[in-house]
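Chemist: Mind looking over this structure? Questions follow.
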Ligand SMILES: Nc1ncnc2c1ncn2[C@@H]1O[C@H](COP(=O)(O)OP(=O)(O)O)[C@@H](O)[C@H]1O
Ligand SMILES: [Mg+2]
């Protein structure tokens with residue numbers, strides 16, 4: 001028992017470092033994913049069939065393939081083809097960003113489509129162009145409705161970063177594996193890793209609830 | 001002020017407006033009546049190109065609306081529209097609803113914009129609601145705000161598409177009163193309505209539409225008391 005406490009306190013700093021890397025990769029990826037998702041979501045509501053088609057192909061490819069394969073393709077496949085090397089963290093960020101971006105694009109598209117057409121007509125009839133109508137009328141209403149789905153995707157993507165352990169990034173999960181490979185204490189370490197993920201994600205779910213309530217009250 | 005020549009509009013193979021021609025003079029108040037599905041809304045929406053026109057010509061204040069080279073956003077500043085379902089912006093307060101378009105399109109100075117917006121709100125009798133959100137207002141109040149919002153752009157023409165049809169009966173009067181006031185101020189108005197009392201009292205001219213045509217037009221006295229066309233008679237006997 002006292003042994004367990006020792007194991008855990010030894011693991012703590014290493015896992016904490018891993019947590020910071022998970023946090024960093026998740027934060028960067030989600031910011032990029034949001035930008036990609038917003039762009040692709042807007043594209044999927046464009047008038048041009050070609051632009052809509054491009055967004056559709058992107059979303060279909062990402063949704064139709066496992067994240068693990070996407071990670072391997074970006075980390076091993078592309079560099080081999082171009083005869084170069086790529087930093088695992090960069091590859092990981094690219095993979096998670098592209099992956100989350102596609103799902104966010106769908107959230108954005110649904111959010112935009114959920115805004116009543118009468119809103120657009122009212123804005124256009126006042127003389128607002130497409131850009132102002134989107135920015136001032138449609139997106140503010142769409143974003144509010146998107147928050148729960150958006151946070152849900154953020155949570156999924158944070159957990160998905162655990163997969164990046166397979167390309168050797170020393171994020172939280174990989175840190176756990178490294179510790180266990182030396183001390184063989186699966187129970188304590190995977191328990192701790194789980195608690196760390198949980199503590200990372202809990203505030204986000206809470207924030208989502210809070211935002212939803214705020215915005216419902218306006 | 002507005003000239004419509006051989007306007008035709010079809011959705012797919014469904015020809016909704018077959019051949020509409022009419023002229024609306026400055027300061028004229030024209031009411032459009034007719035059975036549901038006869039193309040009244042489509043007609044209004046073709047005037048500010050919320051629907052693109054299949055063929056024919058629309059000219060507003062010397063600007064050819066149907067010319068592809070026309071800056072349609074610019075034209076719409078001059079053509080206010082009020083919808084059956086109000087379409088206020090729910091994420092903005094009453095005052096913000098009114099000030100939004102002048103702020104971003106006319107780049108109007110904030111103080112002047114707010115002063116103008118408050119004058120308009122006072123005119124529609126809702127000055128005390130300036131900081132409310134639309135969902136806190138009754139239907140009649142929302143529609144009056146929508147009218148103020150359209151007026152904020154100083155339009156030369158106002159289009160109303162059944163502005164009282166979505167309202168509880170007790171709120172119809174307050175909206176019609178605002179519209180009467182506007183008519184008396186000399187704003188050019190085209191009003192699609194089922195309120196025959198309003199049309200009779202306020203309109204300079206009434207258009208009766210049916211089956212994608214203007215079947216008959218004339219002063220309210222002529223249309224309501226001595227309609228010539230059989231279909232006008234049949235329609236009026238049902239609604240009066
Ligand atoms: N966006 C649209 N797409 C297809 N058909 C439409 C559309 N808008 C209106 N219509 C059709 O045009 C006809 C006339 O509609 P509308 O102008 O709304 O009539 P009204 O306002 O006189 O009731 C109806 O048969 C309707 O189904
Ligand atoms: Mg209609």
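Protein chains in written order, with the UniProt record's numbering: chain A, 1 to 218; chain B, 1 to 240.
For every residue, glycine included, the Cβ atom is placed at its ideal position computed from N, Cα and C.
Would you say residue 100/A and residue 58/A are within 9 Å of each other, going by their C-beta atoms?
Modeler: Cβ distance not < 9 Å, so residue 100/A and residue 58/A don't count as in contact.
Chemist: Identify each residue in the stretch 97-124 of chain A for which the Cβ-Cβ distance to at least one residue of chain B is less than 7 Å, and report them in chain order.
Modeler: So the list reads 118, 119, 121, 122, 124, given in the order they occur along the chain.
Chemist: Under the three-state reduction of DSSP, which class applies to residue 3/B: helix, strand or coil?
Modeler: Here residue 3/B sits in strand by DSSP.
Chemist: Under 9 Å Cβ-Cβ, which residues of chain A neighbour residue 77/B?
Modeler: Per Cβ cutoff of 9 Å: 126, 127.
Chemist: In the DSSP assignment, the alpha helix (DSSP H) including residue 108/B goes from what residue to what residue?
Modeler: Premise fails: residue 108/B is in no alpha helix (DSSP H) and is neither H nor E.
Chemist: Which one of 192/A, 123/A, 39/A has the shortest CA to CA distance from residue 73/B?
Modeler: It is 123/A whose Cα lies nearest to the Cα of residue 73/B.
Chemist: So if DSSP puts residue 14/B in a beta bridge, which residue, or which two residues, is it bridged to?
Modeler: Note: residue 14/B sits in a beta bridge opposite 11/B.
Chemist: Got a sec: is the Cβ-Cβ distance from residue 40/B to anything in chain A below 9 Å?
Modeler: It does not; no Cβ of chain A falls within 9 Å.
Chemist: Report the residue ranges of all alpha helix (DSSP H) runs contained in full by the stretch 141-191 of chain B; include only those spanning at least 4 residues, in chain order.
Modeler: 169-185, all fully within the stretch 141-191 of chain B.
Chemist: State yes or no: is the C-beta of residue 54/B within less than 9 Å of the C-beta of residue 10/B?
Modeler: Taking 9 Å as the Cβ cut-off, residue 54/B and residue 10/B qualify as a contacting pair.
Chemist: So residue 53/A is in the alpha helix (DSSP H); what residue range does that whole segment cover?
Modeler: Unbroken alpha helix (DSSP H) run through residue 53/A: 49-63.
Chemist: Is the Cβ-Cβ distance between residue 33/B and residue 199/B less than 9 Å?
Modeler: A contact, by the Cβ cut-off of 9 Å.
Chemist: Would you kindly report the start and end of the unbroken beta strand (DSSP E) that includes residue 205/B?
Modeler: Run containing residue 205/B: 205-210, per the beta strand (DSSP E) assignment.
Chemist: Return helix, strand or coil for residue 221/A, following the three-state DSSP convention.
Modeler: Because chain A in this structure spans residues 1 to 218, residue 221/A falls outside the shown range and cannot be described.
Chemist: With distances taken Cα to Cα, identify the nearest neighbour of residue 211/A among 52/A, 42/A, 144/A, 188/A.
Modeler: Ranking the options by Cα distance to residue 211/A, first place goes to 144/A.
Chemist: Exposed or buried, which one is residue 25/B when buried takes at least 16 other CB atoms within 10 Å?
Modeler: With fewer than 16 other Cβ atoms within 10 Å, it is exposed.
Chemist: With a threshold of 8 Å, establish whether the CB of residue 128/B neighbours any heavy atom of ligand 1.
Modeler: Residue 128/B: no, Cβ never under 8 Å from ligand 1.
Chemist: Could you check if residue 205/B is buried or exposed, using at least 16 other CB atoms within 10 Å of its CB as the buried criterion?
Modeler: That one is buried.
Chemist: When every heavy atom of ligand 2 is checked, does at least one fall within less than 8 Å of the C-beta of residue 161/B?
Modeler: At least one heavy atom of ligand 2 is nearer than 8 Å to the Cβ of residue 161/B, so yes.
Chemist: Taking 8 Å as the cut-off, is the CB of residue 84/B close to at least one heavy atom of ligand 2?
Modeler: Residue 84/B: yes, Cβ under 8 Å from ligand 2.
Chemist: Counting Cβ pairs, one atom from each stretch, are 3 or more of them under 8 Å apart for the stretch 181-201 of chain B and the stretch 153-166 of chain B?
Modeler: Touching, per the Cβ criterion.
Chemist: Hey, is residue 41/B close to ligand 2, as in C-beta under 8 Å from one of its heavy atoms?
Modeler: Yes; taking the cut-off as 8 Å, the Cβ of residue 41/B has a heavy atom of ligand 2 nearer than that.
Chemist: With respect to the alpha helix (DSSP H) encompassing residue 146/A, which residues constitute its N-terminal and C-terminal limits?
Modeler: From DSSP, the alpha helix (DSSP H) with residue 146/A extends over 139-160.
Chemist: Taking the alpha helix (DSSP H) that residue 230/B belongs to, which residues open and close that run?
Modeler: Counting along the chain, the alpha helix (DSSP H) containing residue 230/B begins and ends at 230-239.
Chemist: Inspect the beta-carbon positions of residue 113/B and residue 99/B and report whether they are closer than 9 Å.
Modeler: Closer than 9 Å, so yes.
Chemist: Would you say the beta carbon of residue 36/B comes nearer than 8 Å to a heavy atom of ligand 2?
Modeler: Because some heavy atom of ligand 2 lies under 8 Å away, the Cβ of residue 36/B counts as near it: yes.
Chemist: I'd like to know if residue 220/A contacts chain B, where contact means its C-beta is closer than 9 Å to some C-beta of that chain.
Modeler: Because chain A is modelled from 1 through 218, residue 220/A falls outside the range shown and cannot be assessed.
Chemist: What three-state label does DSSP hand residue 133/B in the structure shown?
Modeler: The answer is coil: DSSP assigns residue 133/B none of H, G, I, E or B.
Chemist: Counting pairs of Cβ atoms below 8 Å between the stretch 45-60 of chain B and the stretch 115-133 of chain A, do you hit three or more?
Modeler: Taking 8 Å as the limit for Cβ pairs, the verdict is that the stretch 115-133 of chain A does touch the stretch 45-60 of chain B.
Chemist: Please report how far the alpha carbon of residue 41/B lies from the alpha carbon of residue 16/B, in whole angstroms.
Modeler: Approximately 10 Å, taken between the alpha carbons.
Chemist: So which residues of chain B does residue 219/A contact, with C-beta pairs closer than 9 Å?
Modeler: What the structure shows of chain A is the stretch from 1 to 218, and residue 219/A is not part of that stretch, so it cannot be assessed.
Chemist: Taking C-alpha atoms, which residue in 197/B, 186/B, 184/B, 233/B lies nearest to residue 208/B?
Modeler: When only C-alpha atoms are compared, the closest one is 233/B.
Chemist: Give the DSSP bridge partners of residue 23/B, in chain order.
Modeler: Its beta-bridge partners are 3/B.
Chemist: Show which residues of chain B have a CB atom less than 7 Å away from the CB atom of residue 136/A.
Modeler: Result: 100, 104.
Chemist: If we define contact as Cβ-Cβ less than 9 Å, is residue 6/A a contact residue for chain B?
Modeler: Not an interface residue.
Chemist: CB-CB under 7 Å to residue 146/A, same chain, minus the five flanking residues each way: which ones, in chain order?
Modeler: Answer for residue 146/A: 107, 108, 111, listed in chain order.
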